[in-house]
Ligand code: AMP
């Protein structure tokens, strides 16, 4: 079924059409109907499956026809998220899909002045997206009132637990009315998450996307057996052979990130790095350049493995395998998003073989091996030398031409 045929407001259909969203993704197909009907939902879906729009579309529709619009300091829908980046990203999706509605979306994040946020809340908001810290601050200051909130969305609940926000989830419930709709989203599920989820949802519709294979079917992923010292040649080859491709490269540490970037610089390949050593404003700038495609290569630590939506990543490269098996899923999930296709390569050295085994156990199946015959392997290592060689020759030629010009001029004199 296409979005055109859904019983949702024409204002939403119009923006979905502009975004190029024609048909729902799996999670949207399964979640939109039940949410519109007022059910609680418990969904296990990774990022990249279109799960944000799976709650944004029906929530916006419901808010358009709500009986009691928000009054001062009230929020009709609260979306609680673990990180600032996610809050900004989700607010953007609400604003984009809701652009032809009159609904107001407000994001509450720490790390910035609260005055402007208080002003935004003064007359109430339809949607509030918040990280826990600032939200509780404003509740205690009586600048935010969740008493009339009708919908609670918990996104990336597993990450909330990893970040130690478990008590915040339990606490926020005390400020919300008992009679509400709760939508609970998590990329992974275990007994701890189940216990929390069942403590806050009522008779939920349970949705699980690709339970057998945690990697989205839009992503083709391979492991390539490459020795540690040779990895840069293979990365260089991938970049050189796909000059237009947007490539996200994961490494283990920030020192490694800088080292790989320098190795690329030496062969005239421009790359940005992103890790915990960058401050907030640098991070925003780097992400913008990569998102907008100004720079096509981003070398990052696992800081960027989860949640963040970067459009049109063609390749993910695990330059180093992730130490946490779970992060493999999150890393490769940065490509092949929505209805797009993506490719992920993992460079695995001999030392990393035990890590590969753990990842495969976690995935429940083996990762296809990219066959590199010995000739291609040595060609790839020679590739750099050849490229440098030809650069060198070009340089010599240029120099010769310059010299010839100079001597012509001096003869004329
Ligand atoms: P998410 O899993 O919410 O992070 O979404 C992943 C990506 O899929 C985002 O870039 C969305 O813009 C895109 N997307 C979501 N729903 C659709 C759809 N129905 N058709 C095409 N792209 C979509």
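In the numbering used here, the protein residues as written are -1 to 411. Beta carbons: idealized from backbone N, C-alpha and C, even for Gly. The structure presented is a predicted model; accordingly, all values stated were derived computationally and were not measured.
{"Check": "Which residue from 50, -1, 272 puts its Cα closest to that of residue 93?", "Outcome": "50"}
{"Check": "Using the rule of at least 16 other Cβ atoms within 10 Å of the residue's Cβ for burial, across every protein chain shown, is residue 197 buried or exposed?", "Outcome": "exposed"}
{"Check": "Could you tell me which uninterrupted beta strand (DSSP E) segments, each at least 3 residues in length, are contained entirely in the region 128 to 178, listed from first to last along the chain?", "Outcome": "149 to 152"}
{"Check": "From the DSSP output, in three-state form, read off residue 84 for me.", "Outcome": "helix"}
{"Check": "When DSSP labels each residue in this structure, what does residue 411 get in the three-state scheme?", "Outcome": "Because residue 411 sits at a pLDDT of 48, beneath the cut-off of 50, its placement in the model cannot be relied upon, and the point is left open."}
{"Check": "My parser needs the beta strand (DSSP E) runs of 3 or more residues fully inside the region 235 to 262; what are they?", "Outcome": "245 to 248"}
{"Check": "Would you mind reading off the limits of the beta strand (DSSP E) that contains residue 102?", "Outcome": "Looking at the DSSP string, residue 102 is not in any beta strand (DSSP E), and its letter there is neither H nor E."}
{"Check": "Please confirm if the region 292 to 305 is in contact with the region 210 to 224, defined as three or more CB-CB distances below 8 Å between the two stretches.", "Outcome": "no"}
{"Check": "Are the beta-carbon atoms belonging to residue 335 and residue 45 less than 9 Å from one another?", "Outcome": "yes"}
{"Check": "Residue 230: buried (16+ other C-beta within 10 angstroms of its C-beta) or exposed?", "Outcome": "buried"}
{"Check": "How is the alpha helix (DSSP H) around residue 74 delimited, first residue to last?", "Outcome": "Element bounds for residue 74: not the alpha helix (DSSP H) but the beta strand (DSSP E), 73 to 78."}
{"Check": "I'd like to know whether the C-beta atoms of residue 271 and residue 298 end up nearer to each other than 9 Å.", "Outcome": "yes"}
{"Check": "Please confirm whether any heavy atom of the ligand AMP lies closer than 8 Å to the CB of residue 329.", "Outcome": "no"}
{"Check": "Out of 88, 167, 236, 21, which has the shortest C-alpha to C-alpha gap to residue 103?", "Outcome": "88"}
{"Check": "Just the Cα atoms here: how many angstroms apart are residue 422 and residue 216?", "Outcome": "Shown here, the chain extends from -1 to 411; a query on residue 422 therefore has no answer."}
{"Check": "Can you tell me whether residue 390 is buried or exposed? The criterion is at least 16 other CB atoms within 10 Å of its CB, across all chains shown.", "Outcome": "With a pLDDT of only 49 at residue 390, under 50, the local geometry of the prediction cannot be trusted, and the value read off the model is given with reservation. Its Cβ having fewer than 16 others within 10 Å, residue 390 is exposed."}
{"Check": "Quick check: what's the CA-CA separation for residue 412 versus residue 301?", "Outcome": "Because the chain here runs from -1 to 411, residue 412 falls outside it and cannot be looked at."}
{"Check": "The ligand AMP heavy atoms versus the CB of residue 22: any closer than 8 Å?", "Outcome": "yes"}
{"Check": "For the ligand AMP, any of its heavy atoms closer than 8 Å to the Cβ of residue 49?", "Outcome": "yes"}
{"Check": "For the candidate residues 205, 266, 6, 131, whose alpha-carbon lies nearest to that of residue 182?", "Outcome": "205"}
{"Check": "Would you kindly report the start and end of the unbroken alpha helix (DSSP H) that includes residue 316?", "Outcome": "Not the alpha helix (DSSP H): residue 316 falls in the beta strand (DSSP E), residues 313 to 316."}
{"Check": "Under 8 Å: do the region 52 to 63 and the region 29 to 44 share three or more Cβ pairs, one atom per stretch?", "Outcome": "yes"}
{"Check": "For the ligand AMP, I want to know if residue 335 counts as a neighbour, meaning its beta carbon is within less than 8 Å of at least one of the ligand's heavy atoms.", "Outcome": "yes"}
{"Check": "Determine the DSSP secondary structure at residue 59, reduced to helix, strand or coil.", "Outcome": "helix"}
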